[in-house]
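Here the sequence shown is numbered in the numbering used here, starting from 1 and rising by one per residue. Backbone N, C-alpha and C fix where the C-beta goes; we use that ideal spot for every residue, glycine too.
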Amino acid sequence: TQKASELGNIHRKSAVSLLSDMSLDKSDTNINASGVTHSPLETESDTRSNLQSSNQPPYRSPRIAIRRVDNATNRQVTFSKRRNGLLKKASELSILCDAEIAAIVFSSTGRLSEFASSSMDKIIRRYEDLQSQSASRALLHQREYWKNQALHLRRQVGCMNDIQSCIMGENAAALSLDELQNTEARLQIALDKIRTRRNELLAMQTQNIISKGNGLWIENTLLRKRSTSAYDGEMP
Numbered sequence: 001t002q003k004a005s006e007l008g009n010i011h012r013k014s015a016v017s018l019l020s021d022m023s024l025d026k027s028d029t030n031i032n033a034s035g036v037t038h039s040p041l042e043t044e045s046d047t048r049s050n051l052q053s054s055n056q057p058p059y060r061s062p063r064i065a066i067r068r069v070d071n072a073t074n075r076q077v078t079f080s081k082r083r084n085g086l087l088k089k090a091s092e093l094s095i096l097c098d099a100e101i102a103a104i105v106f107s108s109t110g111r112l113s114e115f116a117s118s119s120m121d122k123i124i125r126r127y128e129d130l131q132s133q134s135a136s137r138a139l140l141h142q143r144e145y146w147k148n149q150a151l152h153l154r155r156q157v158g159c160m161n162d163i164q165s166c167i168m169g170e171n172a173a174a175l176s177l178d179e180l181q182n183t184e185a186r187l188q189i190a191l192d193k194i195r196t197r198r199n200e201l202l203a204m205q206t207q208n209i210i211s212k213g214n215g216l217w218i219e220n221t222l223l224r225k226r227s228t229s230a231y232d233g234e235m236p
């Protein structure tokens with residue numbers, strides 16, 4: 001029994017020492033989510049480096065200014081690269097979207113480069129037909145507009161002829177009471193406009209006469225003063 005108790009005490013002491021060693025190991029190391037252990041110093045340095053890298057702006061390639069390339073060789077190289085890219089994009093677009101595409105490019109030296117998804121002549125004819133249809137629609141629209149304008153003018157001329165006939169006493173017997181009243185109202189409106197315009201012209205003429213009279217009065221006054229001064233100068 002005494003030996004069994006001694007063995008139990010030994011096991012308890014070894015278990016306590018093992019737990020203390022494990023706690024020390026945990027304080028010295030840090031286990032991340034992936035199961036890899038790092039020391040506290042290594043974890044802190046990694047955190048600082050991650051923060052510094054996150055604060056740095058992402059790298060962006062410098063923008064190229066779009067302007068004419070002065071050097072002839074560089075200009076030709078740029079033209080070749082961009083032309084090939086343009087034609088490649090046109091080909092990809094026609095394949096992906098089942099679109100009919102035609103591209104015509106003339107270089108500065110007059111060299112022709114072209115691309116057509118099907119037939120260049122077919123696409124150009126389709127474009128020309130569309131343009132002619134647009135021109136035809138525009139012409140039809142203009143024709144309809146002028147047709148409506150002519151109809152409106154004919155109606156106005158007919159109305160003026162009716163008014164003139166009524167003023168002259170012609171065809172008055174053939175008009176109904178409503179037509180006579182409408183004609184009278186139109187004549188009254190026309191008379192009011194005529195009187196207003198007449199009064200405006202009379203006022204303008206009166207103002208012109210007054211202005212001319214004032215000018216003549218001023219000239220007459222000046223002539224009198226000059227003649228008086230000349231007469232006074234001749235007297236001894």
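Would you call the CB atoms of I101 and A90 closer than 7 Å? yes
Is the number of C-beta pairs between the stretch 76 to 91 and the stretch 113 to 126 that are closer than 8 Å three or more? yes
Coil, strand or helix - V69 by DSSP: coil
Beta-carbon proximity check, S119 vs F79, cutoff 7 Å: no
Evaluate G35 with the Cβ neighbour count: other Cβ atoms within 10 Å of its Cβ, from every protein chain shown; 16 or more gives buried, anything less gives exposed. The pLDDT assigned to G35 is 47, lower than 50, so where the model puts this residue is not dependable; a value taken from the coordinates is nonetheless given after this. Per the 10 Å Cβ criterion, exposed.
Okay, do the stretch 192 to 201 and the stretch 213 to 223 touch, 3+ Cβ pairs below 8 Å being the bar? no
Report the option in R111, D129 and A135 whose CA atom is closest to the CA atom of R83. R111
Please classify A99: does DSSP put it in a helix, a strand, or coil? coil
Alpha carbon to alpha carbon, what distance is there between K212 and S227? 22 Å
Whose C-beta lies closer than 8 Å to the C-beta of S134 among residues of the same chain, with five residues either side of it excluded? none
Residue interval of the beta strand (DSSP E) (run including L112): L112 to A116
Could you round the C-beta distance between T183 and L177 to whole angstroms and report it? I think they count as a contact, below 8 Å. Wrong, their Cβ atoms sit about 11 Å apart, outside the cutoff.
Pull up the distance between the alpha-carbon of I209 and that of H152, whole angstroms please. 42 Å
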